[in-house]
Amino acid sequence: MLMSHIEDGTADRKGTRFQSEESIARTCSENEESNTCSLDWQQHFDVALGRMVYINKITGLSTFIAPTEDVQTACTKDLTTVAVDVILENDAVDDTVGKESLQSLFSEWENPVFARYPEVAVDVSSGQAKSLAVKIHNVLYPYRFTKEMIHSMQVLQQVDNKFIACLMSTKTEENGEAGGNLLVLVDQHAAHERVRLEQLIVDSYEKQQPQGSGRKKLLSSIVSPPLEITVTEEQSRLLRCYHKNLEDLGLEIIFPDNSDSLVLVGKVPLCFVQREANELRRGRSPVTKSIVEEFIREQVELLQTTGGIQGTLPLTVQKVLASQACHGAIKFNDGLSSEESYRLIEALSWCQLPFQCAHGRPSMLPLADIDHLEQEKQVKPNLAKLRKMAQAWHLFGKAEGCETGQSQRASMPPCEPP
224 MLMSHIEDGT
234 ADRKGTRFQS
244 EESIARTCSE
254 NEESNTCSLD
264 WQQHFDVALG
274 RMVYINKITG
284 LSTFIAPTED
294 VQTACTKDLT
304 TVAVDVILEN
314 DAVDDTVGKE
324 SLQSLFSEWE
334 NPVFARYPEV
344 AVDVSSGQAK
354 SLAVKIHNVL
364 YPYRFTKEMI
374 HSMQVLQQVD
384 NKFIACLMST
394 KTEENGEAGG
404 NLLVLVDQHA
414 AHERVRLEQL
424 IVDSYEKQQP
434 QGSGRKKLLS
444 SIVSPPLEIT
454 VTEEQSRLLR
464 CYHKNLEDLG
474 LEIIFPDNSD
484 SLVLVGKVPL
494 CFVQREANEL
504 RRGRSPVTKS
514 IVEEFIREQV
524 ELLQTTGGIQ
534 GTLPLTVQKV
544 LASQACHGAI
554 KFNDGLSSEE
564 SYRLIEALSW
574 CQLPFQCAHG
584 RPSMLPLADI
594 DHLEQEKQVK
604 PNLAKLRKMA
614 QAWHLFGKAE
624 GCETGQSQRA
634 SMPPCEPP
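The numbering of the sequence shown is this note's numbering, which starts it at 224 and goes up by one.
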C-alpha cells in the first residue's frame, strides 16, 4: 500500500510537471505566433487536436498554417475611379517600384475602344479657364434656382424662334430692388408644355367637392357600351373591395354575376376620352381600352403594396395629360412677339414646377453671369508702349550685329603683300 501511494504521488507530480510544460510551451507558441499573426486573424489552441488553429476575423475561415503579415500598398493616382487594395505576400516591398510599374503599365496600354482623355481638361486654379472664350457657368458658378427668381425675370427677346432670352436676378440689391444679372435661355416649347400640363391637371378635377369628403374627384365620362376588361380572381377581389375609392379616380367598375374573370368599365376619366378623340381625328386606332387596362393594373399594384388608393394623381392619368400638353404646346420655329413672350414667362412663374417640362426636361438654361463677365474683362494693350519696346529691341539687335561684325574684322589676319 505504501508503494502504491508513493507511485501515485510520483505519477501526479509527473502529470503536473507535464501539464505545466505543455502550458508553458503553448504560451510560448502563442507569443511567437502573435508576433507573426496578422491583425485580421485570431489564433486558438485546440486541446482535442493539440494544434494551433488560425481563424480569419473577416471571412470566418480557419487554417493550421500561420498566416503571414499582410503588406498593403497605396494605389497610384492613375486608378481614380476604382477602389483597389493591393496586397503583397512578401514582407519588404518598395513602394516606388510598385507605383512605377503600375503607372508604366497603364501609360503604355492602348485602349482599343475609348481614346485616352487628359487627366486635367481645364485647370481652374491656374487661371486657364479665364482664357476660354465660352465658359461653362453651371460648373464654375453653380446656382440654385428658386421660384422667386422667375418673378424677377426680364424678357429680352426671342432667339432663333426657339428660345426666349431673359435676365434673372440671383441676388437682391441693398436698396431692395432686384437687378437681373444672370442671362438665361428659356425653352419656349418646354415652358408652354409645363403651363399647359398644370392647367390640364386643374381642369381634370371637379370644381365642387362632395360634402363630407376631403378628397378631390376626377371628372369622368360614360362609356357606352361598357368596356370588357379581363382580370384575375385576385384582381377582381381587390377591385370589389375598393371600387368606391376607384370612383374618386373617375373609374366605375361593374361586376357581372356570371363571371369572376371579367369586369365592365362604365365610366373612365374624362382625359381618356379626349385622348381617344384626338387619336381618331389623326386617323389612328382607338386607345381607350389599352389605357384603361394599364390604369387598372396600376391601381391593383398599389392596392397590393400599400393597401389603399394613392392620394396623388395616378401615373397613367398624368401621362395622358402630359401627351395632351405636348401636342398643344408652342413648337420650335413658332415666332413669338414681345408681348407673347412676356405672357409665357409670367404664366411659367406661377407654375408649381416651373423648371421642367411635362416629361422632366429642363425648361431653362443659364448662360452667363454678367457680373462675372464684367470682372473678367481683359485690359486693352498699350499699343504705344509696345511700339517703343519693338523699336528698342530692333535697335538693340542692330547694335549687337555691328559689334559682332567689328570683332570678326579685328580677328582676321592682315593680308601679306605679294
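Note that beta-carbon positions come from the ideal geometry of N, C-alpha and C, so glycine has one too.
Anticipated Cβ contact below 8 Å, residue i with residue j, distance rounded
i              : j              : result
serine 443     : lysine 490     : 4 Å
proline 479    : leucine 485    : 6 Å
leucine 390    : methionine 372 : Rounded, the Cβ-Cβ distance is 11 Å, inconsistent with contact.
glutamine 579  : arginine 417   : 7 Å
aspartate 483  : glutamate 502  : Not confirmed; about 32 Å, so no contact.
isoleucine 593 : leucine 406    : 6 Å
glutamate 499  : valine 510     : 6 Å
glutamate 521  : leucine 538    : 6 Å
lysine 577     : lysine 440     : It should be noted that the sequence gives proline, not lysine, for residue 577. Their Cβ separation, rounded to whole angstroms, is 27 Å, which puts proline 577 and lysine 440 out of contact at 8 Å.
alanine 552    : arginine 419   : 6 Å
glutamate 421  : glutamine 527  : In fact, because the Cβ distance is near 31 Å, the residues do not count as touching under 8 Å.
isoleucine 278 : histidine 267  : 6 Å
cysteine 494   : valine 425     : Not confirmed; about 12 Å, so no contact.
Status (buried if at least 16 other CB within 10 Å, exposed otherwise) for residue i
i                 : result
phenylalanine 518 : buried
leucine 588       : exposed
serine 392        : buried
tryptophan 264    : buried
serine 285        : exposed
glutamate 400     : Confidence in glutamate 400 is poor, its pLDDT being 49 and thus under 50, which makes the residue's placement unreliable; the coordinate value appears in the next sentence. Label assigned to glutamate 400: exposed.
histidine 415     : buried
serine 586        : buried
glutamate 333     : exposed
phenylalanine 287 : exposed
serine 257        : Residue placement at serine 257 cannot be trusted, given a pLDDT of 46 that sits under 50; the coordinates are not used to answer.
cysteine 464      : exposed
serine 276        : The residue you asked about is not serine; residue 276 is valine in the sequence shown. Classification of valine 276: exposed, given that the 10 Å Cβ count is below 16.
glycine 473       : buried
leucine 462       : buried
leucine 606       : exposed
leucine 571       : buried
glutamine 458     : buried
leucine 469       : buried
valine 270        : exposed
glutamate 488     : Looking at the sequence provided, one finds valine at residue 488 rather than glutamate. Result: buried.
Same chain only: Cβ atoms within 8 Å of residue i, ignoring 5 sequence neighbours per side
i            : result
arginine 584 : Asp410, Ala413
tyrosine 428 : Lys439, Lys440, Leu441, Leu442
7 Å Cβ shell around residue i - same chain, five flanking residues per side excluded
i             : result
leucine 423   : Leu544, Gln547, Ala548
leucine 379   : Ala388, Cys389, Leu390
histidine 582 : Ala545
serine 564    : Val378, Gln381, Ile387
threonine 453 : Ser484, Leu485
lysine 554    : His412
Cut-off 6 Å between Cβ atoms - residues of its own chain near residue i, not counting five sequence neighbours on either side
i              : result
histidine 466  : Ile476
threonine 438  : Checking the sequence shown, residue 438 turns out to be arginine, not threonine. Excluding residues within five positions, the ones whose Cβ falls inside 6 Å are Asp471.
lysine 358     : Because lysine 358 carries a pLDDT of 46, less than 50, the predicted location of this residue cannot be relied on, and the following value inherits that uncertainty. Closer than 6 Å at Cβ, skipping near neighbours: no residue.
valine 496     : Ser444
asparagine 556 : Asn384
lysine 512     : Leu450
glycine 176    : What is shown of the chain runs 224 to 641, which leaves residue 176 out entirely.
heavy atom of the ligand PLP below 7 Å from residue i C-beta
i              : result
isoleucine 476 : Questions concerning the ligand PLP fall outside what the structure shown contains, since it holds no ligand whatsoever.
Q.
Three Cβ pairs or more, each shorter than 8 Å: is that satisfied between the segment 500 to 507 and the segment 447 to 463?
A. They do not touch, by the three-pair rule.
**Q.** Inside the segment 545 to 578 only - alpha helix (DSSP H) runs reaching at least 4 residues
**A.** Note on the segment 545 to 578: whole alpha helix (DSSP H) runs with a minimum of 4 residues are 561 to 572, in chain order.
Q. Enumerated in chain order, which unbroken segments of the beta strand (DSSP E) with a length of 3 residues or greater are wholly contained in the segment 364 to 451?
A. 377 to 382, 386 to 391, 405 to 410
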